[in-house]
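Residue numbers (the working numbering), protein chains in the order written: chain A, 483 to 681; chain B, 483 to 681. Every residue, glycine too, gets a C-beta built ideally from N, C-alpha and C. Before any comments, here is the structure.
Number of protein chains: 2
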Amino acid sequence: MSTVNSLTAEDLGSAAQRERRKRILDATISLATQGGFDAVQMRAVAEQADVALGTLYRYFPSKIHLLVSALGREFERVEAALRDKPLPGDDPADRVIYVLKKTTRGMQGDPHLTEALTRAFMFADASVQNEIHTVGMLLTSMLTRAMHPGRTDLTSDDVAIARVLGDVWLSALVGWVTGRSSAEEVSEQIEVAVRLLLR
Amino acid sequence: MSTVNSLTAEDLGSAAQRERRKRILDATISLATQGGFDAVQMRAVAEQADVALGTLYRYFPSKIHLLVSALGREFERVEAALRDKPLPGDDPADRVIYVLKKTTRGMQGDPHLTEALTRAFMFADASVQNEIHTVGMLLTSMLTRAMHPGRTDLTSDDVAIARVLGDVWLSALVGWVTGRSSAEEVSEQIEVAVRLLLR
DNA sequence: CGACGAAGTGAAACGTGTTCCTATTATGTC
DNA sequence: GACATAATAGGAACACGTTTCACTTCGTCG
Numbered sequence: 483m484s485t486v487n488s489l490t491a492e493d494l495g496s497a498a499q500r501e502r503r504k505r506i507l508d509a510t511i512s513l514a515t516q517g518g519f520d521a522v523q524m525r526a527v528a529e530q531a532d533v534a535l536g537t538l539y540r541y542f543p544s545k546i547h548l549l550v551s552a553l554g555r556e557f558e559r560v561e562a563a564l565r566d567k568p569l570p571g572d573d574p575a576d577r578v579i580y581v582l583k584k585t586t587r588g589m590q591g592d593p594h595l596t597e598a599l600t601r602a603f604m605f606a607d608a609s610v611q612n613e614i615h616t617v618g619m620l621l622t623s624m625l626t627r628a629m630h631p632g633r634t635d636l637t638s639d640d641v642a643i644a645r646v647l648g649d650v651w652l653s654a655l656v657g658w659v660t661g662r663s664s665a666e667e668v669s670e671q672i673e674v675a676v677r678l679l680l681r
Numbered sequence: 483m484s485t486v487n488s489l490t491a492e493d494l495g496s497a498a499q500r501e502r503r504k505r506i507l508d509a510t511i512s513l514a515t516q517g518g519f520d521a522v523q524m525r526a527v528a529e530q531a532d533v534a535l536g537t538l539y540r541y542f543p544s545k546i547h548l549l550v551s552a553l554g555r556e557f558e559r560v561e562a563a564l565r566d567k568p569l570p571g572d573d574p575a576d577r578v579i580y581v582l583k584k585t586t587r588g589m590q591g592d593p594h595l596t597e598a599l600t601r602a603f604m605f606a607d608a609s610v611q612n613e614i615h616t617v618g619m620l621l622t623s624m625l626t627r628a629m630h631p632g633r634t635d636l637t638s639d640d641v642a643i644a645r646v647l648g649d650v651w652l653s654a655l656v657g658w659v660t661g662r663s664s665a666e667e668v669s670e671q672i673e674v675a676v677r678l679l680l681r
């Protein structure tokens, strides 16, 4: 494999290494929360994580890898939190709207963090494929579960709809992050897309 | 107005200035075509456009402004080319697919250029609002025209659908640019979205 | 024509992502 | 415990976007 990858938690043998990785991601989230994309400076991350710059680059080969990995970890938390409880809402549309809006509200509560993670996600190129794929799968599976809780045999249309909804949600988020649309507009865009797609 | 803006063609009084602006955008497109986002280096653009670096920054306050402005100019060309001829296809779905696929094919013929412009569009923040807005309007109007040629009274659903389609198209393009999906997958994503939305 | 302000030039300098190199420290093996 | 290997620290150096500044050129007005 010639792709440059971030070291995942499983790759790391020793507890000290997992601990280092965690400190790095914590520092990333902390800096991103305070000042957004620009505040996540590699030297600052290294210092706050108490790690040398070279070590940081050994764990994450670029700032983008670092931020997308952090996004992945956050998304896993969200997905895990949603996985267990049953979702409110009587039909797929209601449940999907619930999930997307709840997630959106969560992100809007942390504008800087959201800005940093979204920008990174959008700027990522092919070398970040793995990390991106992780996030994409989590998003799709959150949406399909909301559409059909507990169902394992999804039609290709189900998956296609989930994908389109994911696209719309991401675009809306980018619009919000970049100051082009308000929180209400994001909400509305999601509702409209859901209404158009889930009947 | 406190926003930092690119100088638009209309702002520029003298012919020499319009000429400079054109040279800058030409150089941008040329470099982007050869080597993509990374190859569009501000010093290189300035040199190729035969303009001082400071002047380049006076015309376009950042690399992102520069690239999004270039995207706007390219989009205007495409939109103008489509505006006049009648579109093939008997129903809205066929015509929308025609427009999106034709545009997509055009962009895929110039992978580096597409990569550069798409990355810039996705990375743009609030300070690029105006330039982004131009592009967004062109895209929406291309799509609504494809849906209902010649119609002026569009329903809010028409606009909403066009917007969702635009989102899907952009996401698909980002996926392609970043090596996550193939040209066929982009095609397919578009068709699926159109099929789901236009009935 | 001459003066004055705006626009353009050229080059230096700064900030931050990234790379590289050497010395030091952990880690695992016999 | 001694050694080989890998991982980390520490820091210099490089690349490119961006800023700054002193100077020159251009266009316009009196």
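Exercise for review: Compute the distance between the beta-carbons of Pro543 of chain A and Met629 of chain A, then report whether it is under 8 Å.
Suggested key: Working through the first sequence from its first residue, we reach residue 543 of chain A at position 61. Working through the first sequence from its first residue, we reach residue 629 of chain A at position 147. No; because the gap between Cβ atoms is not below 8 Å, this pair is not in contact.
Check your understanding: If the cut is a Cβ gap below 8 Å, which residues of chain A does Asp640 of chain B touch?
Key -> Walking along the second sequence from the start, residue 640 of chain B turns up at place 158. Under the 8 Å cutoff, chain A gives no residues; its nearest Cβ is about 11 Å from Asp640 of chain B.
Review point. What does Ala606 of chain B touch in chain A if you count any residue whose Cβ is under 7 Å from its own?
Key: For the purposes of this step, residue 606 of chain B is taken as residue 124 along the second sequence, with counting starting at 1. Residues of chain A passing the Cβ test: Thr660.
Exercise for review: With DSSP as the reference, label Asn612 of chain B as helix, strand or coil.
Suggested key: In the second sequence, the residue the question calls residue 612 of chain B occupies position 130. Helix, per DSSP.
Check your understanding: When the Cα of Arg555 of chain A is compared with those of A:Trp658, A:Gly517, A:His615, which residue comes out closest?
Key -> On the first sequence, residue 555 of chain A is found 73 positions in, with the first residue counted as 1. Considering only alpha carbons, the answer is A:His615.
Check your understanding: If you check the beta carbons only, do Ile643 of chain A and Ala654 of chain A fall under 8 Å apart?
Key -> Translated into the one-based positions of the first sequence, residue 643 of chain A becomes position 161. Translated into the one-based positions of the first sequence, residue 654 of chain A becomes position 172. Cβ distance not < 8 Å, so Ile643 of chain A and Ala654 of chain A don't count as in contact.
**Study point:** CA-to-CA distance, Ala497 of chain B to Phe557 of chain B, given in whole angstroms
**Key:** Taking the second sequence and counting its residues from 1, the one referred to as residue 557 of chain B is at position 75. Taking the second sequence and counting its residues from 1, the one referred to as residue 497 of chain B is at position 15. If I take the Cα positions, the gap works out to 23 Å.
Practice item. Can you grab the Cα-Cα spacing for the pair Val560 of chain A / Thr585 of chain A, in whole Å? Key: Counting from 1 along the first sequence, the entry for residue 560 of chain A is found at position 78. Counting from 1 along the first sequence, the entry for residue 585 of chain A is found at position 103. Answer to the nearest angstrom: the Cα atoms are 8 Å apart.
Point to revise | CB contact check: Val674 of chain B to chain A, cutoff 8 Å | key: Here residue 674 of chain B refers to the residue found at position 192 of the second sequence. Proximity of Val674 of chain B to chain A, defined by a Cβ-Cβ separation below 8 Å, is satisfied.
Point to revise | Length at least 4, wholly inside the region 506-593 of chain B: the alpha helix (DSSP H) runs in chain order | key: Whole alpha helix (DSSP H) segments, 4+ residues: 524-531, 535-541, 545-566, 574-590.
**Study point:** N- and C-terminal bounds of the alpha helix (DSSP H) containing Ala606 of chain A
**Key:** In the first sequence, the residue the question calls residue 606 of chain A occupies position 124. No alpha helix (DSSP H) holds Ala606 of chain A; DSSP gives it neither H nor E.
Check your understanding: Helix, strand or coil: which one does DSSP assign to Thr490 of chain A?
Key -> Sequence index remark: in the first sequence, residue 490 of chain A carries index 8 (1-based). Coil, per DSSP.
Practice item. Within the same chain, show all residues whose beta-carbon is closer than 8 Å to that of Tyr580 of chain B, passing over the 5 residues directly before and after it, in chain order. Key: Reading the second sequence from its first residue, position 98 is the one you call residue 580 of chain B. So the list reads Leu569, Pro570, Gly571, Ala628, once near-sequence residues are dropped.
Exercise for review: Taking Ser496 of chain B as part of the alpha helix (DSSP H), name the residues at either end of that continuous run.
Suggested key: Here residue 496 of chain B is taken as the residue at index 14 of the second sequence, counted from 1. Where Ser496 of chain B is concerned, there is no enclosing alpha helix (DSSP H), given that its DSSP letter is neither H nor E.
Check your understanding: Are the region 663-681 of chain B and the region 594-605 of chain B touching, with three or more C-beta to C-beta distances below 8 Å?
Key -> Per the Cβ contact rule, the region 663-681 of chain B is not in contact with the region 594-605 of chain B (fewer than 3 Cβ pairs under 8 Å).
Review point. In whole angstroms, what separates the C-alpha of Met641 of chain B from that of Trp651 of chain A?
Key: If you number the second sequence from 1, residue 641 of chain B lands on position 159. If you number the first sequence from 1, residue 651 of chain A lands on position 169. It is Val, not Met, that sits at residue 641 of chain B in the sequence shown. Between the alpha carbons of Val641 of chain B and Trp651 of chain A lies a distance of about 17 Å.
Review point. Going along chain B in order, which residues have a C-beta closer than 7 Å to the C-beta of Ser653 of chain A?
Key: Counting from 1 along the first sequence, the entry for residue 653 of chain A is found at position 171. What Ser653 of chain A touches in chain B: Asp649, Leu652, Ser653.
Point to revise | Sequence-distant residues of its chain with Cβ nearer than 7 Å to His594 of chain A (five each side left out) | key: Stepping through the first sequence from its first residue, residue 594 of chain A is reached at position 112. Excluding positions up to five away in sequence, the list reads Ala514, Thr515, Gln516, Gly517, Gly518.
Practice item. Compare the C-beta of Val522 of chain B against all C-beta atoms of chain A and say whether one is closer than 8 Å. Key: Within the second sequence, the letter at position 40 stands for residue 522 of chain B. No - not a single Cβ of chain A is within 8 Å of the one on Val522 of chain B.
Review point. In chain order, what residues of the region 606-630 of chain B put their CB closer than 9 Å to some CB of chain A?
Key: Listed in sequence order: Ala606, Asp607, Ala608, Ser609, Val610, Gln611, Ile614, His615, Gly618.
Check your understanding: When the cut-off is 8 Å and only beta carbons count, does Ile643 of chain B lie next to chain A?
Key -> Stepping through the second sequence from its first residue, residue 643 of chain B is reached at position 161. At least one chain A Cβ lies under 8 Å of Ile643 of chain B.
Exercise for review: Determine whether the Cβ of Leu679 of chain B lies closer than 8 Å to any Cβ atom of chain A.
Suggested key: Indexing the second sequence from 1 puts residue 679 of chain B at position 197. Cβ-Cβ to chain A under 8 Å: yes for Leu679 of chain B.
Check your understanding: Hey, is Arg601 of chain A's beta-carbon within less than 8 Å of any beta-carbon in chain B?
Key -> On the first sequence, residue 601 of chain A is found 119 positions in, with the first residue counted as 1. By the rule that beta-carbons nearer than 8 Å mark a contact, Arg601 of chain A touches chain B.
Check your understanding: Could you check where the alpha helix (DSSP H) with Gly657 of chain A kicks off and where it finishes?
Key -> Position 175 of the first sequence, counted from the start, is the residue given in the question as residue 657 of chain A. Residues 638-659.
Check your understanding: Are Gln530 of chain B and Ser512 of chain B touching if we call contact CB-CB under 8 Å?
Key -> Start at 1 with the first residue of the second sequence, and residue 530 of chain B comes out as number 48. Start at 1 with the first residue of the second sequence, and residue 512 of chain B comes out as number 30. Yes, these two residues count as a Cβ contact at 8 Å.
Exercise for review: Just the chain A side, please: which residues come within less than 8 Å of Val656 of chain B by C-beta, in chain order?
Suggested key: The residue labelled residue 656 of chain B in the question sits at position 174 within the second sequence. Here the neighbours are Met604.
Point to revise | Euclidean distance between Cα positions of Val527 of chain B and Ala509 of chain B | key: By 1-based counting over the second sequence, the position of residue 527 of chain B is 45. By 1-based counting over the second sequence, the position of residue 509 of chain B is 27. Taking the CA atoms as reference points, Val527 of chain B sits about 6 Å from Ala509 of chain B.
Exercise for review: In angstroms with no decimal places, state the Cα-to-Cα distance between Thr634 of chain A and Ser623 of chain A.
Suggested key: Translated into the one-based positions of the first sequence, residue 634 of chain A becomes position 152. Translated into the one-based positions of the first sequence, residue 623 of chain A becomes position 141. Each residue's Cα considered, the two are about 11 Å apart.
Check your understanding: Nearest-angstrom Cα distance between Ser488 of chain B and Tyr541 of chain B?
Key -> As a working mapping, residue 488 of chain B is identified with position 6 in the second sequence. As a working mapping, residue 541 of chain B is identified with position 59 in the second sequence. Each residue's alpha carbon lies about 6 Å from the other.
Exercise for review: Let me know the secondary structure DSSP gives Leu680 of chain B once reduced to three states.
Suggested key: Locating residue 680 of chain B in the second sequence gives position 198, where the first residue counts as 1. The answer is coil: DSSP assigns Leu680 of chain B none of H, G, I, E or B.
Check your understanding: So, is Ala608 of chain B buried or exposed, given that buried needs 16 or more other C-beta atoms within 10 angstroms?
Key -> As a working mapping, residue 608 of chain B is identified with position 126 in the second sequence. Ala608 of chain B should be labelled exposed.
**Study point:** Contact set between Val578 of chain B and chain A, taken where Cβ atoms lie within less than 7 Å
**Key:** In the second sequence, the residue the question calls residue 578 of chain B occupies position 96. In chain order: nothing, as chain A lies at least about 14 Å away.
Review point. CB Leu679 of chain B to CB Val646 of chain B, shorter than 8 Å?
Key: Position 197 of the second sequence, counting from 1, holds the residue named residue 679 of chain B. Position 164 of the second sequence, counting from 1, holds the residue named residue 646 of chain B. It is a contact, given that the beta carbons lie within the stated cut-off.
**Study point:** Reduced DSSP category for Gly632 of chain B - H, G, I as helix; E, B as strand; rest coil
**Key:** Your numbering for residue 632 of chain B matches position 150 in the second sequence. In the structure shown, Gly632 of chain B sits in coil (DSSP, three-state: anything other than H, G, I, E or B).
Point to revise | Among B:Lys504, B:Gly657, B:Tyr539, B:Arg681, the one whose alpha carbon lies nearest that of Met604 of chain B | key: The sequence position of residue 604 of chain B within the second sequence is 122, counting from 1. Nearest C-alpha to Met604 of chain B: B:Gly657.
**Study point:** Ala675 of chain A burial status per 10 Å Cβ neighbour count (16 or more: buried)
**Key:** Taking the first sequence and counting its residues from 1, the one referred to as residue 675 of chain A is at position 193. It counts as buried.
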